[in-house]
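Engineer:
In the numbering used here, the protein residues as written are 4 to 241.
1. So residue 138 and residue 179 are in contact, right, with Cβ under 8 Å, and what is the actual spacing, rounded?
2. Classify residue 240: buried if its beta carbon has 16 or more other beta carbons within 10 angstroms, exposed otherwise.
3. Residues in the same chain with beta-carbon distance under 6 Å from residue 159, minus the five sequence neighbours each way, listed in chain order, please.
4. With contact counted as at least three CB pairs below 8 Å, one residue from each stretch, are the region 49-60 and the region 77-90 in contact?
5. Leaving out five residues on either side along the sequence, give the residues of the same chain with a beta carbon under 6 Å from the beta carbon of residue 7.
6. Name the DSSP beta bridge partners of residue 137, please?
7. Given the structure, does residue 74 come close to the ligand GTP, in the sense that its CB is under 7 Å from one of the ligand's heavy atoms?
8. In the DSSP assignment, what residue or residues form a beta bridge with residue 68?
9. Measure how close the beta-carbons of residue 59 and residue 34 come, nearest whole angstrom, since I'm counting them as under 8 Å.
10. If residue 147 and residue 166 are in contact, beta carbons under 8 Å, what's the gap, nearest whole angstrom?
11. Since I believe residue 194 is in contact with residue 69 (beta carbons under 8 Å), could you give me their beta-carbon distance rounded to a whole number of angstroms?
12. For the pair the region 38-45 and the region 125-142, tell me if three or more CB-CB distances fall below 8 Å.
13. Does chain B have any CB closer than 8 Å to the CB of residue 39?
14. With a threshold of 16 other CB atoms inside 10 Å of the CB of residue 162, please say whether the residue is buried or exposed.
15. Taking the DSSP output, what are the residues bridged to residue 161?
16. How far does the alpha helix (DSSP H) with residue 93 in it extend, from its first residue to its last?
17. Distance, Cα to Cα, residue 97 vs residue 45?
18. Using only CA atoms, which one of 142, 228, 237 and 43 lies nearest to residue 222?
19. How close, in whole Å, do the beta carbons of residue 140 and residue 93 come, if the pair is a contact with beta carbons under 8 Å?
20. With DSSP run on the structure shown, which of helix, strand or coil describes residue 114?
21. Under 7 Å Cβ to Cβ from residue 171, same chain only, skipping five residues before and after it: list those, please.
22. What's the gap between the Cα of residue 143 and the Cα of residue 90?
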């Protein structure tokens, strides 16, 4: 099958996601741009960008899809112990760009990042427009972890998370799930499966079921406006 190429003049057009390749799983299209309009259109139709520096923009819709129902986040005993033992502080949307930069830091097992400069600028623009959000984890004045993604109506599309202290990214995801559950969100899109996400409650579902979820939770282009809050992580266990 020939890969579909997007033109920069097309603001929102994506091919049907069922045309995505099986190998590599979910590769649907290449090219286009990272404009807010195109990114939002992609998320509403089950498509997200993921590519490395030097590649064209690649658009994906894998089958199966990994999702996390916000009120099904699994809190392990060790995570509860860590939350009680350390003075973690949680904030929302107070250091979005710093979280993206933290997520762009290469992991110990990787030599490069998929969060290119263009990606950083694109998601910071979405944040300025009210679509992209971050949860930050602090120890005193040090940013030690966080997560960011895009919210549309009652769907949250998680993009990446990072930690500089053990368990910081788990606490960020836990806090995000609590916020989403309280706001009535139905689904947190984790995109690709990893054993780590599975251990936290994420599950794989068929792409068709994911598309049903989009129709239920992301049919309206509504902005989520969470309060810019600051609270100790210990309150997550109340």
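Idealized CB from N, CA, C, for every residue including glycine.
Structural biologist: So, from the data block:
1. Your numbering for residue 138 matches position 135 in the chain shown. Your numbering for residue 179 matches position 176 in the chain shown. Contact flag correct, Cβ pair sits at about 5 Å.
2. Position 237 of the chain shown holds residue 240. That one is exposed.
3. As a working mapping, residue 159 is identified with position 156 in the chain shown. Within the same chain, residue 159 has close Cβ partners 152, 183, 188 and 191.
4. no
5. Counting from 1 along the chain shown, the entry for residue 7 is found at position 4. Contacts found: 18 and 32.
6. By one-based count along the chain shown, residue 137 stands at place 134. 151, per the DSSP bridge assignment.
7. Of ligands this structure carries none, so the ligand GTP is not represented either.
8. The sequence position of residue 68 within the chain shown is 65, counting from 1. DSSP output for residue 68 lists 208 as bridge partner(s).
9. Reading the chain shown from its first residue, position 56 is the one you call residue 59. Reading the chain shown from its first residue, position 31 is the one you call residue 34. In this structure residue 59 touches residue 34 by the C-beta definition: roughly 5 Å separates them, less than 8 Å.
10. Your numbering for residue 147 matches position 144 in the chain shown. Your numbering for residue 166 matches position 163 in the chain shown. Yes, residue 147 and residue 166 are in contact; Cβ-Cβ is about 7 Å, under 8 Å.
11. The residue given as residue 69 occupies position 66 in the chain shown. The residue given as residue 194 occupies position 191 in the chain shown. That belief holds up - the Cβ atoms of residue 69 and residue 194 are roughly 6 Å apart, short of 8 Å.
12. yes
13. In the displayed structure, chain B is absent; only one protein chain is listed.
14. For the purposes of this step, residue 162 is identified with residue 159 of the chain shown, where counting begins at 1. Buried: at least 16 other Cβ atoms inside 10 Å.
15. Counting from one through the chain shown, the residue named residue 161 turns up at place 158. Looking at the DSSP output, residue 161 shares a beta bridge with 152.
16. In the chain shown, counting from the first residue as 1, residue 93 sits at position 90. Taken as a continuous stretch (DSSP letters only), residue 93 belongs to no alpha helix (DSSP H), being part of the beta strand (DSSP E) at 91-95.
17. For the purposes of this step, residue 97 is taken as the residue at position 94 of the chain shown. For the purposes of this step, residue 45 is taken as the residue at position 42 of the chain shown. Distance between the alpha carbons of residue 97 and residue 45 is about 26 Å.
18. The residue labelled residue 222 in the question sits at position 219 within the chain shown. Measuring from the Cα of residue 222, the nearest candidate turns out to be 43.
19. As a working note, residue 140 is residue 137 in the chain shown. As a working note, residue 93 is residue 90 in the chain shown. Right, their Cβ atoms sit about 6 Å apart.
20. Mapped onto the chain shown, residue 114 falls at position 111. Any reading at residue 114 is ruled out, since the residue's pLDDT is 49, under 50, leaving its predicted position unreliable.
21. As a working note, residue 171 is residue 168 in the chain shown. Answer for residue 171: 140, 147 and 148, listed in chain order.
22. Within the chain shown, numbered from 1, the residue matching residue 143 stands at position 140. Within the chain shown, numbered from 1, the residue matching residue 90 stands at position 87. Cα to Cα, residue 143 sits roughly 8 Å from residue 90.
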